[in-house]
Amino acid sequence: MEVIVGISGASGVQYGIRLLEVLAKKGIKTHLVLTEAAKQIIEIETDYLPIEVEKLATWNYSQKDFSAPIASGSYKTAGMVIAPCSMKTLGAIANGISDTLLTRAADVCLKEERKMILMTRETPLNLIHLENMLKAKRAGASILPACPGFYSRPKTLDDLIDIMAGRALDLLGVENEIYQRWE
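What the sequence shown shows, in UniProt numbering, is residues 1 to 183, in sequence order.
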């Protein structure tokens, strides 16, 4: 199994990093695309350097690398998660703008009817954001707002991150027990 992980320029890069950690631990190969804004946010919000995050993935690509295998529908993957997904990235995907490798890989997943999970991260939402979410959903994406549940009484920031990462893994069909489920 191979999964594409995109980390775009929204607050919450910890979600994408946690997904990479869990997927690697499970032996699932990952293709990582970091936006330039994501690289900046990694340094602001975490103790990681972007190069350390890149090392968590099996393969890494520049946003400009349209020769990457994930830019083609003939290259098989199980799907893609963009965590976090900025409103800029959402807007491009919802409107079929494939001007970066991240948005091209998302377009490929949609056209090939593969799993496409967008962990949106913005608040409050304006009408354009909501309409873009609806467009992406109609095109086949799963919209997973970064809004963790509190029924498990999370005690740490890591608990909250695990809830959302676990939900993304659920949507990908990857078995996991990184968060407490409702009983």
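All residues carry an ideal CB built from backbone N, CA and C; glycine is no exception.
Span of the alpha helix (DSSP H), counted from its first residue to its last, around residue i
i	result
Thr89	87-94
Gly166	157-172
Ile44	36-45
Pro50	50-54
Residues bridged to residue i (per DSSP)
i	result
Gly79	Val3, Lys115
Ile143	Leu118
For residue i, the first and last residue of its enclosing beta strand (DSSP E)
i	result
Tyr61	59-61
Simplified DSSP assignment, three categories, for residue i
i	result
Lys29	strand
Pro84	strand
Leu127	helix
Thr103	helix
Gly16	helix
Glu21	helix
Lys64	coil
Ala136	helix
Ile178	coil
Pro154	coil
Nearest neighbour of residue i, chosen from the options [CA to CA]
i	options	result
Val22	Arg181, Trp182, Asp170, Leu157	Asp170
Glu2	Leu19, Ala146, Gly91, Thr30	Thr30
residue 192	Leu134, Val53, Ser62	With the chain running from 1 to 183 in the structure shown, residue 192 is simply not present.
Cys109	Ala165, Ile7, Ser8, Thr77	Thr77
Ala71	Glu112, Ile178, Ala141, Thr58	Glu112
Integer-rounded CB distance, given that residue j should sit under 8 Å from residue i
i	j	result
Ala68	Leu101	6 Å
Met116	Met164	16 Å between Cβ atoms; not a contact.
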